[in-house]
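Input: a single structure, listed below in structure tokens.
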Amino acid sequence: MALAAVLLVAAACSSTEGAGSETAVGDVCGYLAGSSAGLDSRGDIAYGSDASGGLHLWIMRADHSHHAPLVLGAGAQIFPDWSPDGTSLTYTGAVKPNLGAAPSDICRISLEDGEVTNLTNTEGTNELTPTWSPDGRHIAYTSGTTDSSTIFIMDADGTDARPILDTAGDYAWPSWSPDGRQIVFSGSAADGGPSRIWVVDVAGGEPRALTTQESYGAEEPSWSPNGQLIAYVSDQNGNPDSDHPPDWNTDIYVMNADGSDPRQVTSLPGNEHWPPVWSPDSSRLLYTADGLDQRPALYVVPLNGPSALPANGVNITDTACNEATAAWRAP
Numbered sequence: 011m012a013l014a015a016v017l018l019v020a021a022a023c024s025s026t027e028g029a030g031s032e033t034a035v036g037d038v039c040g041y042l043a044g045s046s047a048g049l050d051s052r053g054d055i056a057y058g059s060d061a062s063g064g065l066h067l068w069i070m071r072a073d074h075s076h077h078a079p080l081v082l083g084a085g086a087q088i089f090p091d092w093s094p095d096g097t098s099l100t101y102t103g104a105v106k107p108n109l110g111a112a113p114s115d116i117c118r119i120s121l122e123d124g125e126v127t128n129l130t131n132t133e134g135t136n137e138l139t140p141t142w143s144p145d146g147r148h149i150a151y152t153s154g155t156t157d158s159s160t161i162f163i164m165d166a167d168g169t170d171a172r173p174i175l176d177t178a179g180d181y182a183w184p185s186w187s188p189d190g191r192q193i194v195f196s197g198s199a200a201d202g203g204p205s206r207i208w209v210v211d212v213a214g215g216e217p218r219a220l221t222t223q224e225s226y227g228a229e230e231p232s233w234s235p236n237g238q239l240i241a242y243v244s245d246q247n248g249n250p251d252s253d254h255p256p257d258w259n260t261d262i263y264v265m266n267a268d269g270s271d272p273r274q275v276t277s278l279p280g281n282e283h284w285p286p287v288w289s290p291d292s293s294r295l296l297y298t299a300d301g302l303d304q305r306p307a308l309y310v311v312p313l314n315g316p317s318a319l320p321a322n323g324v325n326i327t328d329t330a331c332n333e334a335t336a337a338w339r340a341p
């Protein structure tokens, strides 16, 4: 799936329960919802939802209870990632719910005092999918246009933004290795072809492909906290050329961190995607499943029973709303 078609959520929900008062809504980054200020628990899951009438960030406990708005505002706020110390959240802020077509920026919000910072604040460029380095000093993200994109790194305060790839192509979806020395990402080289999973040293060098050049694509990688596995999305069981999105039939896979032993994890009809997110103990994966009705919901699948995989997973939101993309805070 092209990054330009990243997310367009139908207006399925109109509830504003717990929405808080609107302050500083002029910026695409939004504001901390009043009901969420002062959160101090760990293991929480931040996720995107249209339960507040637009596409914004919500939060729930690790046991899937106590859903509440977290970041509200104008436009859309989506693709969250917790800082390593759990006190801040980075995310994508956009003018419109269709993130691929609207200018978007990388935002950071403090859950301690509600301070919001637009870290990129650019015009004519889409910046998406931020991810914190394990030491909390840097943020990697996708930057580009509707035609092409690449991987950038910046300091945690938004300064010193620079691309990390010297290779021509179209790349997105960065994820750090737990030791902070490498970044895994996906995309296609300049010669085209289906998307592959790549890894590059943060210190520099040529990217190395972890998946082979097949007729199907592999994208949206996520490195496990224990460093042993990389989860990713593949359409090898579907038809990526179809005009009907459920026919793409993307599933979640995992492979060893060196690219060996790929195996399928999920098997629902339709698409499972929007990068798979690891539980802090690396035992479960949290992901978005669209289903045949293209209504995104959050699912969790355990990995501790390999003989039972692929599996359907468990729907942890189970509402009439659209819920998509998530981040799991370390306990």
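So for the sequence shown, my numbering puts the first residue at 11; every next one is plus one. Yeah, the Cβ is synthetic: ideal placement off N, Cα and C, and Gly gets one too.
Distance between T260 and W284 (C-alpha atoms, nearest Å): A straight-line Cα-Cα distance of about 10 Å links W284 and T260.
Distance CB(V81)-CB(I119) smaller than 8 Å: yes
Backbone secondary structure at A241 - three-state DSSP: strand
Selected residue, minimal CA-CA separation from E137, among G323, A199, C331, C39: C39
Terminal residues of the beta strand (DSSP E) in which V126 lies: 126–128
Exposure of L337, with buried meaning 16 or more beta-carbon neighbours within 10 Å: The sequence given here places Ala at residue 337; Leu does not occur at that position. It is buried - the Cβ of A337 has at least 16 other Cβ atoms within 10 Å.
Reduced DSSP secondary structure (H/G/I, E/B, other) of D251: Of the three classes helix, strand and coil, the one that applies to D251 here is coil, per DSSP.
Three-state class that DSSP yields for A318 in the structure shown: helix
Classification of V324 by the beta-carbon crowding that lies within 10 angstroms, buried from 16 upward: exposed
Among F162, T276, W208, N128, nearest to P217 - alpha-carbon criterion: W208
Identity of the residue in N332, A199, P90, P320 nearest N3 by Cα: Past the boundaries of the shown model lies residue 3; the chain is included only from 11 to 341, so the question cannot be answered.
T152 - containing beta strand (DSSP E), residue span: 148–154
Within 8 Å, strictly: CB atoms of D165 and H148: The Cβ atoms of D165 and H148 lie closer than 8 Å to each other.
Three-state secondary structure (DSSP) of P231: P231 falls in the strand class under three-state DSSP.
Contact check, A182 vs G197, beta carbons under 8 Å: Here A182 is near G197, since their CB atoms are less than 8 Å apart.
Meets three-Cβ-pair contact criterion under 8 Å: the region 173–191 and the region 89–101: no
Unbroken beta strand (DSSP E) run spanning W258, endpoints: Looking at the DSSP string, W258 is not in any beta strand (DSSP E), and its letter there is neither H nor E.
Contact between the region 140–147 and the region 173–182 (3+ Cβ pairs under 8 Å): no
Which of helix, strand or coil DSSP assigns to L82: strand
Close-in-space but distant-in-sequence residues of the same chain around E133 (CB under 8 Å, 5 per side omitted): P113
Beta-carbon proximity of T155 to I161, cut-off 8 Å: Contact flag unset, no.
Proximity winner among D291, D303, T276, S317, relative to Y297 (alpha-carbon distances): Ranking D291, D303, T276, S317 by CA distance to the CA of Y297 puts T276 first.
Segment limits, beta strand (DSSP E) that includes G103: Under the DSSP assignment, G103 falls in the beta strand (DSSP E) whose first and last residues are 98–104.
Burial state of E282 (16 or more Cβ within 10 Å): buried
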